[in-house]
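Below: one structure, written as structure tokens.
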Amino acid sequence: MDFKREFKTLVPALVGFLFFAVLPAVRTSDYQLTIASNTIIWALFAMSFNMLFGMTGMLSFGQALYFGLGGYFVGLLVCHLGAGWFVPAVFLGVLGAGALSLIVGPMVLRLTGVYFTILTLAFAQLGWGIVVKWYDFTNGDDGIQGIIPPGVLGNKVTYYYFCFFLVSLSLWLLWRISLSPFGLILRCVRQNPDRVRFLGRRVKRNQLRIYVLSSMFTALAGALMAGVDNSVSTEMWHWTTSGEVILMCILGGIGQFYGPFAGAVLMILIEDMVGARTEMWSMVIGIIMLVMVLAFPKGVVGEFANLAARLTKKSGGMEVGLGTNTRS
Amino acid sequence: MDPQFLLIQATSGFTMAMILFLVASGLTLLFGVVNVFNFAHGSFYMIGAYLAYTCVSVLGFNFWASLVLAGLGAGVFGMLMESIFLRRIYGRAEEAGFQILLTYSFILIIDDLVKLVWGTEYKSISRPPGFSGAVELFGVLVPTYNLAIIALGLIVAVAAWLLLSRTRAGRIARATAIDREMLSTLGVNVPLTLTVVFGVATALGGLAGALAAPLRSVTPGAGIEVIIDSLIVVVLGGMGNFWGAFLGAIILGEVNAFAVAFVADWASLFSFIVMIVVLIFKPQGLFSPAKVRKA
Chain A
1 MDFKREFKTL
11 VPALVGFLFF
21 AVLPAVRTSD
31 YQLTIASNTI
41 IWALFAMSFN
51 MLFGMTGMLS
61 FGQALYFGLG
71 GYFVGLLVCH
81 LGAGWFVPAV
91 FLGVLGAGAL
101 SLIVGPMVLR
111 LTGVYFTILT
121 LAFAQLGWGI
131 VVKWYDFTNG
141 DDGIQGIIPP
151 GVLGNKVTYY
161 YFCFFLVSLS
171 LWLLWRISLS
181 PFGLILRCVR
191 QNPDRVRFLG
201 RRVKRNQLRI
211 YVLSSMFTAL
221 AGALMAGVDN
231 SVSTEMWHWT
241 TSGEVILMCI
251 LGGIGQFYGP
261 FAGAVLMILI
271 EDMVGARTEM
281 WSMVIGIIML
291 VMVLAFPKGV
301 VGEFANLAAR
311 LTKKSGGMEV
321 GLGTNTRS
Chain B
1001 MDPQFLLIQA
1011 TSGFTMAMIL
1021 FLVASGLTLL
1031 FGVVNVFNFA
1041 HGSFYMIGAY
1051 LAYTCVSVLG
1061 FNFWASLVLA
1071 GLGAGVFGML
1081 MESIFLRRIY
1091 GRAEEAGFQI
1101 LLTYSFILII
1111 DDLVKLVWGT
1121 EYKSISRPPG
1131 FSGAVELFGV
1141 LVPTYNLAII
1151 ALGLIVAVAA
1161 WLLLSRTRAG
1171 RIARATAIDR
1181 EMLSTLGVNV
1191 PLTLTVVFGV
1201 ATALGGLAGA
1211 LAAPLRSVTP
1221 GAGIEVIIDS
1231 LIVVVLGGMG
1241 NFWGAFLGAI
1251 ILGEVNAFAV
1261 AFVADWASLF
1271 SFIVMIVVLI
1281 FKPQGLFSPA
1291 KVRKA
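Residue numbers (our numbering), protein chains in the order written: chain A, 1 to 328; chain B, 1001 to 1295.
So this is what it looks like as structure tokens:
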């Protein structure tokens, strides 16, 4: 990896980092701050999901399970034990998701392809059903309101920086993982699992590792979300949440490390603009998704990288995704 | 336990099983023949229900004619979806993922289209004349409409199976699952065959929606509820296995009916638990997946 190549992949990260770092200072309204918090948290969700989907080729339709779990750890602990439990609850939620994914993971990983997708969906819907029905403990469809982070975190700006710090740290970790030998094996698992076995590596074990890691980062995103909205609802557990994060990845480009981040930014901006003007929100999402899948399967970032590569006649950015299937 | 009560639950479970089977048989047909995983299949069920509502309650057609029209309408819609959109991603690398995403986008679009056309309020259809009462069977009262659904479900099941296994058209459809290239060399229009299979499968979904409309109210969210249940049925029976789907539907229908009777609050969780348990012990479903399909 020469300097120029490294520079090319680092520049977008630095630009994004600086933009979101100075945003609270240049914002014109608190609403923009909420949008920004939403964006970075969903970006974390999308990027940790893409470690499963884009990199390892595991299309889980059930990551809402861990998003909801993270959120409800915070909601329930703050609600029952007091606001002082907010920060510990965030980390307990991450550990809880790790534990749950260690139980669910080996079961869903018995299956591959479409079966894997359906089984993850079933587990997530089971979680959703329990949360909706167990009214005495979870408040059911009413959700949990009044989750105010304690002390200085109660301030919107400090809370934003709290999220910003944790999200940046997580994204850096995810980036390191994607470049590590482990990340390399994950890409091999997607492209040719048989060859991975041939090389003496265990497919299932590596899949389980990334499933657990991804779920923990997802729970972190869910937990941080509870503080932004000051509430949690059963919507977090619903399968449409899993669908939305998939769409973010597709929109941005699953083959690029930064793709899901761009996807999350675009999606939340579109949601904000379209949501204000029309009720037909899900149709707009559907049409965008349809066009992306049919015409631009590499996503916004991937297609731009392609275009840039064609203009400069060099290879594009860091390929981690679908475009490079060598099996066929 | 009161045997009459058990019998009532069993009949209502069997009725739901027939509706589920009609949806799931289309889904399993698509998986076995076209090798497409149609996440939007529940949306065709919903389209069928709404078309039946329009035909019966707005236009005042005969109920049974409306059933046919609703099935045909859903089928035509399905053929359009296949020939305009889905066809474009056949054979693309890692196709399965894109199929799920493309059909998922259809769920979102159709949901809003339905709201646009029919509004968000609940619609209901009255039972067809002559089927609003109940008959006594082994000492319990069974609604005649439930019996009609069960009879119709069985007839359609046998007819679809005969069509698939005993006719030339069925043979061609099964052959597309094995070797499309060879089939087109033999002079069969493969893309047209796939479109027709898609039409038949979605028509079955639409018919199920229309049949179920007098029992449940017709709502914009109906497609999503039914797709998850029918996915469970298909997975239980082994993907692409026609009679597997039939038995899967009966298992799920009965489990749901008895869960509602004994633990009403938690009933909706039972279908997931059944599926999870089956998939853990028999990952390929209770019955072998499509015999016609080669890896």
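For each residue, glycine too, the CB sits at the ideal point set by N, CA and C.
{"Check": "State the Cα-Cα distance for the pair Leu1152(B) and Asn1146(B), rounded to the nearest angstrom.", "Outcome": "10 Å"}
{"Check": "Mind checking who Leu1137(B) pairs with in its DSSP beta bridge?", "Outcome": "Val1140(B)"}
{"Check": "Pull up the distance between the alpha-carbon of Thr1219(B) and that of Phe17(A), whole angstroms please.", "Outcome": "45 Å"}
{"Check": "Can you have a look at Phe260(A) and say buried or exposed, based on whether 16 or more other CB atoms are within 10 angstroms of its CB?", "Outcome": "Here the sequence assigns Pro to residue 260(A), which means Phe is not the residue at that position. Result: buried."}
{"Check": "By the 8 Å beta-carbon criterion, what residues does the region 100 to 119 of chain A contribute toward chain B?", "Outcome": "Met107, Arg110, Leu111, Gly113, Val114, Tyr115, Thr117, Ile118, Leu119"}
{"Check": "If you compare alpha carbons, which of Val1068(B), Ile1047(B), Leu1086(B) is closest to Leu1116(B)?", "Outcome": "Ile1047(B)"}
{"Check": "Distance cutoff 8 Å, beta carbons only. Does Ala305(A) sit that close to anything in chain B?", "Outcome": "no"}
{"Check": "For Ala89(A), which residues in the same chain have their Cβ closer than 6 Å to its Cβ, ignoring the five residues on either side in sequence?", "Outcome": "Phe73, Val74, Leu77"}
{"Check": "At a Cβ cut of 8 Å, what residues of the region 122 to 135 of chain A count as close to chain B, listed as they run along the chain?", "Outcome": "Ala122, Phe123, Gln125, Leu126, Gly129, Ile130, Lys133"}
{"Check": "Note down, in chain order, all residues in the region 1096 to 1109 of chain B with a beta-carbon under 9 Å from any beta-carbon belonging to chain A.", "Outcome": "Ala1096, Gly1097, Phe1098, Gln1099, Ile1100, Leu1101, Leu1102, Tyr1104, Ser1105, Phe1106, Ile1107, Leu1108, Ile1109"}
{"Check": "Under a three-way DSSP split, which group does Ser231(A) fall into?", "Outcome": "strand"}
{"Check": "Output the boundary residues of the alpha helix (DSSP H) element that contains Trp175(A).", "Outcome": "156 to 179"}
{"Check": "In the DSSP assignment, find the unbroken alpha helix (DSSP H) run with Ser1126(B) in it and report its ends.", "Outcome": "Counting along the chain, Ser1126(B) falls outside any alpha helix (DSSP H), and DSSP gives it neither H nor E."}
{"Check": "If you draw a straight line from the C-alpha of Val1292(B) to the C-alpha of Val1234(B), how long is it?", "Outcome": "Low confidence applies here, because Val1292(B) scores a pLDDT of 42, under 50, leaving its location unreliable; read the following figure in that light. If you take the alpha carbons of Val1292(B) and Val1234(B), they lie about 16 Å apart."}
{"Check": "Compare the C-alpha of Gly1244(B) against each of Phe1031(B), Gln1004(B), Thr1015(B), Thr1011(B) and name the closest.", "Outcome": "Phe1031(B)"}
{"Check": "Under three-state DSSP, which class holds Ile254(A)?", "Outcome": "coil"}
{"Check": "Verify the CB distance criterion: does Val245(A) have a CB-CB separation below 8 Å to chain B?", "Outcome": "no"}
{"Check": "Please classify Gln1284(B): does DSSP put it in a helix, a strand, or coil?", "Outcome": "coil"}
{"Check": "Restricting to Cα atoms, I'd like to know which of Val87(A), Ser168(A), Val157(A), Tyr211(A) is closest to Gly343(A).", "Outcome": "The structure shown does not extend to residue 343(A), since chain A is modelled only from 1 through 328, so no value can be given for it."}
{"Check": "Taking just the CA atoms, how far does Glu1136(B) sit from Arg1127(B)?", "Outcome": "18 Å"}
{"Check": "Short of 8 Å Cβ to Cβ, which residues in the region 1261 to 1280 of chain B face chain A?", "Outcome": "Asp1265, Trp1266, Ser1268, Leu1269, Phe1272, Ile1273, Met1275, Ile1276, Leu1279, Ile1280"}
{"Check": "If the cut is a Cβ gap below 8 Å, which residues of chain A does Met1088(B) touch?", "Outcome": "Here residue 1088(B) is Arg; the residue named in the question, Met, does not match the sequence. The contacting residues are Leu294."}
{"Check": "Specify the secondary structure class of Ile144(A) as computed by DSSP and reduced to three states.", "Outcome": "strand"}
{"Check": "Please state if the CB of Val291(A) and the CB of Trp281(A) are separated by a distance shorter than 8 Å.", "Outcome": "no"}
{"Check": "Just to confirm before moving on: does the CB-CB distance between Ile1107(B) and Ser1025(B) stay below 8 Å?", "Outcome": "no"}
{"Check": "Taking only beta-carbon positions, decide if Ile1228(B) is within less than 8 Å of chain A.", "Outcome": "yes"}
{"Check": "To which residues of the same chain is Val1142(B) closer than 7 Å at the C-beta, ignoring the five residues directly before and after it?", "Outcome": "Thr1011, Ala1134, Val1135"}
{"Check": "Can you check whether the C-beta of Gly16(A) is within less than 8 Å of a C-beta belonging to chain B?", "Outcome": "no"}
{"Check": "Return no unless some Cβ of chain B is closer than 8 Å to the Cβ of Ile144(A).", "Outcome": "no"}
{"Check": "Over what stretch of residues does the alpha helix (DSSP H) that includes Thr1064(B) continue unbroken?", "Outcome": "The amino acid occupying residue 1064(B) in the given sequence is Trp; Thr does not appear at that position. Per DSSP, Trp1064(B) belongs to the alpha helix (DSSP H) from 1063 to 1084."}
{"Check": "At a Cβ threshold of 8 Å, is Phe1085(B) touching chain A?", "Outcome": "yes"}
{"Check": "Residues of chain B with a CB under 9 Å from the CB of Gly286(A): which are they?", "Outcome": "Tyr1104, Ser1105, Phe1106, Ile1107, Leu1108, Ile1109, Ile1110, Asp1111, Asp1112"}
{"Check": "Quick check on the burial criterion: 16 or more other C-beta atoms within 10 angstroms. Buried or exposed for Leu1064(B)?", "Outcome": "The question names Leu, but residue 1064(B) is Trp in the sequence shown. Trp1064(B) comes out exposed."}
{"Check": "If the criterion is Cβ atoms closer than 8 Å, does the pair Leu1086(B) and Val1036(B) meet it?", "Outcome": "yes"}
{"Check": "Which whole-angstrom value describes the C-beta separation of Arg1180(B) and Leu1164(B), a residue pair presumed to lie in contact below a C-beta threshold of 8 Å?", "Outcome": "With 8 Å as the limit, Arg1180(B) and Leu1164(B) do not qualify as a contact, their Cβ atoms being about 17 Å apart."}
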